[in-house]
Amino acid sequence: MASPSPSEFLTFYRRLTTHPALRRGVVASVNQTSRPLSTSIPRYGYGKPENKAFPDEQHTTQKTDRADVQNDSSHAGKEAHASGTGGIASSRRDDRANTARAKKEFPEAPDVIIGMQDERGAKGH
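Positions 4 to 128 (our numbering) are the ones given, in order, by the sequence shown.
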């Protein structure tokens, strides 16, 4: 015997749920699993949830204390930039002329600051 097709099953289920004599059992089980909207828990807060354990909202680069690793590393990077020590990242300079070399090898590529030359919209005068 062949297995019933999905359309046969859907027809059977539709008749089962719409027939008045058979409907009570199916509807009762459906109503027990769903809850009305009035019993849902309302959410009032929008945005970031408030955390009472860590109440500060400052970014790690704006904090003055060195209590954790992020703050300490941020201050060390700022001090390295101010004193001129450290690597390429803390100096924020192009010591090896990488920008000029990239422009020579790939002249059609956009400049380092994307969005400030060709991608920027023209003024309408």
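The C-beta atom is built at its ideal place from N, Cα and C for all residues, glycine as well.
Within the same chain, show all residues whose beta-carbon is closer than 7 angstroms to that of residue i, passing over the 5 residues directly before and after it, in chain order.
i: aspartate 98; result: Ile91
Do residue i and residue j have their C-beta atoms within less than 7 angstroms of each other?
i: lysine 81; j: asparagine 74; result: no
Quick check: what's the CA-CA separation for residue i versus residue j?
i: glutamine 61; j: aspartate 68; result: 11 angstroms
i: glutamate 108; j: asparagine 101; result: 10 angstroms
i: alanine 70; j: serine 93; result: 22 angstroms
i: threonine 88; j: arginine 104; result: 25 angstroms
i: tyrosine 16; j: serine 8; result: 13 angstroms
If residue i sits next to residue j, beta carbons under 8 angstroms apart, how far is it from one beta carbon to the other, in whole angstroms?
i: histidine 78; j: arginine 95; result: Their Cβ separation, rounded to whole angstroms, is 16 angstroms, which puts histidine 78 and arginine 95 out of contact at 8 angstroms.
So, for residue i: in the same chain, excluding its five sequence neighbours on each side, which residues have a beta-carbon less than 6 angstroms away from its beta-carbon?
i: threonine 64; result: Ser77
i: serine 86; result: none
Can you name, in chain order, every residue of its own chain whose Cβ lies under 8 angstroms from the Cβ of residue i, other than the five neighbours on each side?
i: lysine 106; result: Ala112, Asp114
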